[in-house]
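The sequence shown stops at residue 204 when you use this note's numbering, and every number in between is there. All C-beta atoms in this analysis are idealised placements derived from N, C-alpha and C, irrespective of residue type, glycine included.
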Amino acid sequence: MEPVNITTNKKAHYQYHIDDTFEAGMQLTGTEIKSVRAQQVNLNESYCTFTSGELFVKGMHIAEYKYGTHYNHEAKRTRKLLLTKRELKKLLTKVKEKGFTIIPVRMYITERGFAKLEIGLAKGKKLYDKREDIKKRDAKREMDREGKER
């Protein structure tokens, strides 16, 4: 059985050069995991920050569970990411360098039923890099169109 892809951050590859990726677990409540399994997650405005040596994801929207009672969760709360000490140390040293940031790339559920967040160590793209990506995408689209017409 393969991991089930829940959502991807479409803006991540457009706005950043992603150098390295890590698989992180998340500390979720009961109603949050139910909303994740229902694919009610948005990663577009989210980012990761370090607070006292621990990594947290901020701005990730997990919709409130439809059948939740007063125990329902807050949609945009800060969630702790679970990584090994070695991975946290590596990320922390890279983030202290100029220009690096940590962004969520995609969320998925493993075969065992755990929700995982793939985070990327990223460097922001310049405007000319974004234009170059658009040109490449348009050229590929044109070539695909011509191939289908034949």
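- Spatial neighbours of N126 in its own chain (CB-CB distance under 8 Å, excluding positions within 5 residues in sequence) are listed in chain order as T85, E118 and Y119.
- Bridge partners of L175 according to DSSP: D74 and I156.
- 8 Å or more divides the Cβ of M80 from the Cβ of L137.
- With distances taken between CA atoms, K65 lies nearest to G174 out of G174, G201, D198 and M197.
- Non-local C-beta neighbours of E172 in its own chain, meaning closer than 8 Å and more than five positions away in sequence, comprise T75, F76, E77, A78, P158, V159, R160, M161 and Y162, ordered along the chain.
- In the displayed model, L109 falls within a strand according to three-state DSSP.
- Just so you know, the alpha carbons of A129 and H115 end up roughly 5 Å apart.
- Residue burial annotation: Y68 is exposed, with fewer than 16 other C-beta atoms found within 10 angstroms of its C-beta.
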